[in-house]
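**Q**
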Amino acid sequence: MTAKSVSQETLLHKQKCTKCQLVQPIGDFPKDSQKRTGYSPRCKACKNVQSSAHYQANRLRVLRRLKDSYSASPERQKAYHKEWYQKNKERRSRQSKQWKAENHEAYSAQQREYASKRTEQNRERSQRWVRNNPEKARAIRTHHNSKRRSKIITGASKSDIFKWTSRQRKICFYCGKRCENRFEVDHFVPLAKGGAHEIDNLRISCRSCNRRKCATDPWQFLNRMGRLL
9 MTAKSVSQET LLHKQKCTKC QLVQPIGDFP KDSQKRTGYS PRCKACKNVQ SSAHYQANRL
69 RVLRRLKDSY SASPERQKAY HKEWYQKNKE RRSRQSKQWK AENHEAYSAQ QREYASKRTE
129 QNRERSQRWV RNNPEKARAI RTHHNSKRRS KIITGASKSD IFKWTSRQRK ICFYCGKRCE
189 NRFEVDHFVP LAKGGAHEID NLRISCRSCN RRKCATDPWQ FLNRMGRLL
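So the sequence shown is residues 9 to 237, counted in the working numbering.
1. When the Cα of F196 is compared with those of R232, A223 and S48, which residue comes out closest?
2. Just to confirm my understanding: we take C54, look at its own chain, exclude 5 residues before and 5 after, and list those with CB closer than 8 Å. What are they?
3. Suppose you measure from the CA of E188 to the CA of K105; what does that come to, to the nearest Å?
4. Grab me the residues of S213's own chain with a C-beta within less than 8 Å of its C-beta, minus the 5 sequence neighbours each way, in chain order.
5. So what does DSSP say about R131, is it helix, strand or coil?
6. Below 8 Å on the Cβ atoms is my guess for R232 versus A123; work out the distance and round it to an integer in Å.
7. Among the residues of its own chain, which have a CB less than 6 Å from the CB of S48, if the five just before and after it don't count?
8. Identify, in the order they occur along the chain, each residue of the same chain with its Cβ nearer than 8 Å to the Cβ of R72, setting aside the five sequence neighbours on each side.
9. Please determine, among I207, A200, N209 and G184, the residue with the shortest C-alpha to C-alpha distance to S216.
10. Cβ atoms of S77 and G234: under 8 Å apart, would you say?
11. Which residues does DSSP list as the beta-bridge partners of L210?
12. What's the C-alpha gap between Q64 and K86?
13. Mark P226 as exposed unless 16 or more other C-beta atoms lie within 10 angstroms of its C-beta, in which case mark it buried.
14. For P38, which of helix, strand or coil comes out of DSSP?
15. Would you call A11 buried or exposed, if buried means 16 or more other Cβ atoms sit within 10 Å of its Cβ?
16. Between which two residues does the alpha helix (DSSP H) carrying Q23 extend?
17. Got a sec, what are the start and stop residues for the beta strand (DSSP E) Q32 sits in?
18. Which term fits S15, buried or exposed, when burial requires 16 or more other beta carbons within 10 angstroms of its beta carbon?
19. For F229, count neighbouring Cβ atoms within 10 angstroms of its own Cβ and tell me buried if that reaches 16, exposed if not.
20. Hey, could you find the ends of the alpha helix (DSSP H) H205 is sitting in?
21. Distance check for E128 and R136, CA to CA, integer angstroms please.
22. Under the DSSP definition of a beta bridge, which residues are partnered with I179?
23. Could you tell me the boundaries of the alpha helix (DSSP H) in which S81 lies?
Printed below as a string of structure tokens:
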């Protein structure tokens, strides 16, 4: 093998970054069709630093340009982002899982904040609907209470629930906080969703979580609380 062929083979597989001066695998460089090698002379890490610095220095101008571009052709932008998402779906999923694992506390805080905002928005929307549809709201409430009473009559007795409650630690099943003086007994799978009024479907809950959960699917609620990681 000649020195020239060795040099070409090395060039195809490795390259020296013009910024950090490190020789790295060619896969660590972004592609650039205008370059002879087909790759940018700067590695991805250096390009990311450069892009980040440029964005921070020109943030308002960059955002304005993006906004103008989107306004000029919204359908084209939507199609582009949809295509990009489909192409990078698995990679984004891996990155998301890795970030959640490495930033458990931050992710949990984000989920709690999101759940709190979403709950407030849903509450306001629900209250507005009730005000605008009083007769329908009354009929739904009457039907729900009727179904709830019929399930409770055929389920666990008050005595059974009292015995079960007295043996439980007064810690909210959902948020993990102590609630000795203000605990409530919650149906894990809501009666409205087919849950049974039985001991194995009961959980100790603080008042706040019980109100926020309401008839929500329990696993969705736990996920929003950041408790399923």
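Cβ atoms here follow ideal geometry from the backbone N, Cα and C, with glycine treated the same way.
**A** Put simply:
1. Looking at the Cα atoms, A223 is the closest of the given residues.
2. Taken in chain order, the residues that qualify are C25, K27 and C28.
3. Roughly 36 Å between the two C-alpha positions.
4. Excluding residues within five positions, the ones whose Cβ falls inside 8 Å are C180, F181, Y182, C187, F191, E192, V193, D194 and K221.
5. Here R131 sits in helix by DSSP.
6. Contact check for R232 and A123: beta-carbon distance about 4 Å, within the 8 Å limit, so the pair qualifies.
7. Excluding residues within five positions, the ones whose Cβ falls inside 6 Å are F37, P38 and D40.
8. Answer for R72: no residue qualifies.
9. Ranking I207, A200, N209 and G184 by Cα distance to S216 puts G184 first.
10. No.
11. Assignment of beta-bridge partners to L210 by DSSP yields H195.
12. If you take the alpha carbons of Q64 and K86, they lie about 25 Å apart.
13. The C-beta of P226 has 16 or more other C-beta atoms within 10 Å across all chains shown, which makes the residue buried.
14. Three-state result, P38: coil.
15. Low local confidence applies: a pLDDT of 43 at A11 is under 50, so the model's placement there is unreliable, with the coordinate-based value given in what follows. Exposed is the call here.
16. Per DSSP, Q23 lies in no alpha helix (DSSP H) segment; the continuous beta strand (DSSP E) that holds it begins and ends at K22 to K24.
17. Q32: member of the beta strand (DSSP E) spanning V31 to P33, first to last residue.
18. Its pLDDT being 44, under 50, S15 is placed unreliably in this model, and the coordinates cannot settle the point.
19. The residue in question, F229, is buried, as its Cβ has 16 or more Cβ neighbours within 10 Å.
20. Segment: none, H205 is in no alpha helix (DSSP H) and carries neither H nor E.
21. The alpha-carbon atoms of R136 and E128 are separated by roughly 12 Å.
22. Bridge partners of I179: R186.
23. That residue, S81, is in no alpha helix (DSSP H); it is neither H nor E in DSSP.
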